[in-house]
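Per the numbering used here, the sequence shown runs over residues 2 to 134.
Using N, Cα and C, we set each Cβ at its ideal position, and we do this for glycine too.
As the structure is a prediction and not an experimental result, all values here were calculated from the model.
These notes are about the structure you will find just below.
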Amino acid sequence: ELLAAHFEKQFTPLPNSCNAHDAQLAAYDRLIHRPGGGHPVLHVDFATVKRHVRRLKTDKTPGLDGITNQVVKLLPDNSLRHLTGIFNRVFREGVFPSAWKHALVVTIPKSGAPADSPTSHRPISLLPSLALL
2 ELLAAHFEKQ FTPLPNSCNA HDAQLAAYDR LIHRPGGGHP VLHVDFATVK
52 RHVRRLKTDK TPGLDGITNQ VVKLLPDNSL RHLTGIFNRV FREGVFPSAW
102 KHALVVTIPK SGAPADSPTS HRPISLLPSL ALL
């Protein structure tokens with residue numbers, strides 16, 4: 002509880018909406034959707050997703066969803082095709098799934114520091130495996 006209070010003081014969430022940020026997003030959206038203008042939308046193919054899944058390290062701790070890299074590596078091609086579609090939709094629409102934005106925060110004690118002090122720990126954010134692909 003002491004650690005939670007310490008980190009709550011250290012890290013405050015960003016506001017959900019910022020007028021300047023919203024205006025920039027609207028301008029970017031208009032640029033992308035105007036005919037013949039804007040940047041090309043990123044696209045990822047199935048082979049690229051499969052290659053990156055094969056390269057996942059299996060000794061990593063999962064995020065809040067509990068899905069380990071070992072499980073992701075066991076997904077059949079059909080599931081990887083669905084993931085490819087999800088990734089392309091993220092690129093096309095510019096919206097990252099909110100479930101992938103939530104992290105499990107754990108603390109790691111600093112070596113040589115007193116364990117009973119909140120300042121003797123550093124936070125680590127464990128994100129969902131799919132968000133890191």
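- For T108, the enclosing beta strand (DSSP E) starts and ends at 105 to 110.
- Taking 8 Å as the upper bound for CB-CB distance, G86 and S130 are not in contact here, some 18 Å apart.
- With at least 16 other beta carbons inside 10 angstroms of its own, V54 counts as buried.
- Using a Cβ distance threshold of 8 Å, F97 and V91 count as a contacting pair.
- P124 carries a strand assignment under DSSP once its states are collapsed to helix, strand and coil.
- Rounded to the nearest whole angstrom, the CA to CA distance from K61 to N70 is 7 Å.
- Note that the C-beta distance between F8 and P115 is not below 8 Å.
- Per DSSP, the continuous alpha helix (DSSP H) segment holding K74 begins and ends at 70 to 74.
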